[in-house]
Amino acid sequence: MGGLDSFLFSFFNAKVMASYLPMIAQGLGLTVLLALLVVVAGLALGLALAVLRCLGVRPLNLLIIFVVDLFRALPPLVILVLLFFGLPAAGISVSGFAATWLSLTLVLMAFSEEIYWAGITAVPKGQWEAARSTGLTFFQALRMVVLPQALRIAIPPLTNRTIAITKGTALGSVVGVSEILGAAQSAMSFSANPTPLTMGAIAYLVLFIPVVALGRWIETRFAWKR
Amino acid sequence: MSAPPTAPRPIIDARGLWKRFGATPVLKGVDFSVAERELVFIIGPSGSGKSTLLRCLNRLEEPDDGSIHVDGIELLSPRTDINAARRRIGMVFQGFNLYPHMTARQNVMLALRKVLGRGKAEAAGIAAAALARVGLAERMEHYPAQLSGGQQQRVAIARAIALEPRVMLFDEPTSALDPELVGGVLNVMRELRESGMTMVVVSHEMAFARAAADRVVFMADGQKLEEGPPAQIFGAPRHERTRAFIRQIDRH
């Protein structure tokens, strides 16, 4: 068997592909579910924290900054392992799926809060003043005048960061979640052939290239109308 | 016996206003009142506290001490609903501060809908009328970035007058404009004045002040140094500082 044949046998083995496709597809489904839950919860919590920070209550803001810095500084894998092995020790049983979801959600919450906050502070003070001078309340001014502008500023870094963190779903394989990478690793042991890893890589591309394209579309869609 | 008739209460009545930024006092016990339908100009060198005084009158700046009544409302009382008070006090800013993500008409409609609670169609009608009044009937669906500075400032005036305020505050409304665009904004202000609007204007448009103001207030170092009809302030100022300031302005 020549070098190329050996390579194709190991990484593009049609027989292995055919038999483990359902398993990888299941992994893909689980990754999609996990990613959606992380994106929805992480972005919503990040926005909630940024809005709370707008209130300018000093002790609360110090707490927010502490939490955000903590989850930005810790590697996601460390958070995941701490949650997965730490929470049961504290009497809270947690599945690998839940631990992965929670750790990535906390990380996305922390990074997105900073991005939202940067967007909000980038909106000129005069926008607040104009809105408040017409009698709008603080929250009305925030919701209808400041946030729409802040979000437009935040969308490019936000999509970037969201994609980067969502790819962290692969960490679930460490705590036994059969998402794409986990499923691929199992399939690899069953088949004694690394082809499932190739399939996993393709599955990630199938999932994330549209996500990247969607991010680009959102960036243009919400760019300033001039 | 009925009470003797009293002079009508001023529509703006500020007493003993103090404001410090850090350790620096920018207002040192300023009294300032404006009668209904009066147009008062506030002039003075940069750092004199004139903009701060104006911004206290709708509580964009919070005075450290003193009292402010606007249209009978005690502005600094903790019981006052400041948002309800502010809709009677229109404000126009040096930098226009239009909402860039909304069209001219949407800029005017926002407070009509959210503060006055008007329906969408009604608010759109009021906004169209206000924009027509400032000469922008043809530009209603434009975004701020598509308008000249003068047009933007007129949209900002429309946004304020659409709420039918009792007084209008102008904070250097023409300072950010190219010279050829100033006239359009001043024309709108003149028309407003003729309609009987009470106006307080911080500006260095001396020609406009001479022609339109009822009273000119000169401020320096956080105090009101001198006030009177424009002919007196510009023609025969009493204070040396006023004289020096007028000479400098006139040279331009």
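Quick note, the sequences are listed as chains A and B, same order. Each residue of the first sequence is one higher than the one before, counting from 1448 in our numbering. Each residue of the second sequence is one higher than the one before, counting from 3 in our numbering. We treat Cβ as the ideally placed atom computed from N, Cα and C, and that holds for glycine.
_If the cut-off is 9 Å on Cβ atoms, which residues from the segment 1592-1605 of chain A count as contacting chain B, listed in chain order?_
Residues of the segment 1592-1605 of chain A with a Cβ closer than 9 Å to any Cβ of chain B, in chain order: V1592, P1595, Q1596, R1599.
*Does DSSP put A238 of chain B in a helix, in a strand, or in coil?*
Under the three-state reduction of DSSP, A238 of chain B is assigned to coil, being neither helix nor strand.
*Does DSSP classify D1516 of chain A as helix, strand or coil?*
Looking at D1516 of chain A - three-state DSSP - the assignment turns out to be helix.
_Where the beta strand (DSSP E) through D67 of chain B begins and ends_ = Membership of D67 of chain B in the beta strand (DSSP E) is indicated by the continuous run 67-72.
*Provide the residue(s) that pair with E229 of chain B in DSSP beta bridges, ordered along the chain.*
B:V219.
*Can you name the residues of chain A whose CB is closer than 9 Å to the CB of L165 of chain B?*
Those are T1581, G1582, listed as they occur along chain A.
*Determine the direct distance from the alpha carbon of N60 of chain B to that of T176 of chain B, and round the result to whole angstroms.*
Looking at the two C-alpha atoms, the distance is approximately 20 Å.
*Which residues does DSSP pair with V42 of chain B in a beta bridge?*
Residue pairing from DSSP places V42 of chain B in a beta bridge opposite B:V202, B:R217.
_Buried or exposed for V218 of chain B, going by 16 or more other Cβ atoms inside 10 Å?_
That one is buried.
*For E63 of chain B, I'd like the list of residues in its chain whose CB is within less than 8 Å of its CB, leaving aside the five on either flank, ordered along the chain.*
Excluding sequence neighbours, E63 of chain B sits near K21, T54, R57.
*Exposed unless 16 or more other CB atoms sit within 10 angstroms - verdict on P1643 of chain A*: Buried.
*Using the C-alpha atoms, what's the distance from V1593 of chain A back to S1550 of chain A?*
Computed Cα separation, rounded: 30 Å.
*Do you know how far the Cα of L77 of chain B is from the Cα of R1500 of chain A?*
Roughly 27 Å separates the two Cα atoms.
*Within 8 Å (strictly less), CB to CB, does M3 of chain B reach chain A?*
With a pLDDT of 44 at M3 of chain B, under the threshold of 50, the modelled position of this residue cannot be trusted; read the value that follows with caution. By this cut-off, M3 of chain B is not an interface position.
_Reduced DSSP category for D180 of chain B - H, G, I as helix; E, B as strand; rest coil_ = In the structure shown, the three-state DSSP call for D180 of chain B is coil.
*From this set, B:G237, B:G31, B:M221, B:R240, which residue's C-alpha is nearest P47 of chain B's C-alpha?*
Nearest C-alpha to P47 of chain B: B:M221.
*If we count the other Cβ atoms within 10 Å of its Cβ and call it buried at 16 or more, is H103 of chain B buried or exposed?*
Answer is buried; the Cβ neighbour count reaches 16.
*Which runs of the alpha helix (DSSP H) fall wholly inside the segment 88-165 of chain B and span at least 4 residues, in chain order?*
Residue ranges of uninterrupted alpha helix (DSSP H) with 4 or more members, entirely inside the segment 88-165 of chain B and ordered along the chain, are 106-116, 122-135, 151-163.
*Just the chain B side, please: which residues come within less than 8 Å of Q1473 of chain A by C-beta, in chain order?*
Per Cβ cutoff of 8 Å: no residues; Q1473 of chain A is ~43 Å from chain B at best.
*Short check: CB of V202 of chain B to CB of V42 of chain B, under 8 Å?*
The answer is yes: Cβ separation under 8 Å.
_So with CB distances below 7 Å, who are the chain B contacts of G1573 of chain A?_
Correct list: F95, G97, N99.
*Simplified DSSP assignment, three categories, for S35 of chain B*: Strand.
*asked:* Can you list, in chain order, the residues of its chain with a C-beta nearer than 7 Å to that of A126 of chain B? Leave out the 5 residues immediately preceding and following it.
replied: Non-local C-beta neighbours of A126 of chain B in its own chain, meaning closer than 7 Å and more than five positions away in sequence, comprise R107, M111, ordered along the chain.
*Answer yes or no: does any C-beta atom of chain A fall closer than 8 Å to that of L112 of chain B?*
Output row for L112 of chain B: interface = yes.
*Whole angstroms is fine: what's the gap from L1492 of chain A's alpha carbon to V36 of chain B's?*
Near 49 Å, if we compare the C-alpha coordinates of V36 of chain B and L1492 of chain A.
*Beta-bridge partners of R17 of chain B, as assigned by DSSP*: Bridge pairing for R17 of chain B: B:S69 [DSSP].
*Let me know the secondary structure DSSP gives L1477 of chain A once reduced to three states.*
The answer is helix: DSSP assigns L1477 of chain A an H, G or I state.
*Given a threshold of 16 other Cβ atoms within 10 Å of its Cβ, counted over all protein chains shown, does L1555 of chain A qualify as buried or as exposed?*
The residue is buried, with at least 16 neighbouring Cβ atoms inside 10 Å.
*Answer with yes or no whether the minimum CB distance from E1576 of chain A to chain B is below 8 Å.*
A Cβ of chain B is located within less than 8 Å of the beta carbon of E1576 of chain A.
*Would you check if the distance between the CB atom of F1558 of chain A and the CB atom of R1519 of chain A is smaller than 8 Å?*
Contact flag set, yes.
*Beta-carbon separation (whole angstroms), R90 of chain B vs V72 of chain B, contact threshold 8 Å*: Your pair R90 of chain B and V72 of chain B checks out as a contact, with CB atoms roughly 7 Å apart and the cut at 8 Å.
_Residues that DSSP places opposite I1665 of chain A in a beta bridge_ = Note: I1665 of chain A sits in no beta bridge, so no partner.
*Determine the contact status of T200 of chain B and E143 of chain B, defining contact as a CB-CB distance below 8 Å.*
No; because the gap between Cβ atoms is not below 8 Å, this pair is not in contact.
*Beta-carbon spacing of M93 of chain B, L179 of chain B below 8 Å*: When the beta-carbon positions are compared, M93 of chain B and L179 of chain B stay at least 8 Å from each other.
*Would you list, in chain order, the members of the segment 1623-1639 of chain A that have their beta-carbon closer than 8 Å to a beta-carbon of chain B?*
Residues: none.
_How far does the alpha helix (DSSP H) with M1635 of chain A in it extend, from its first residue to its last?_
For M1635 of chain A, the uninterrupted alpha helix (DSSP H) run begins and ends at 1627-1638, by DSSP.
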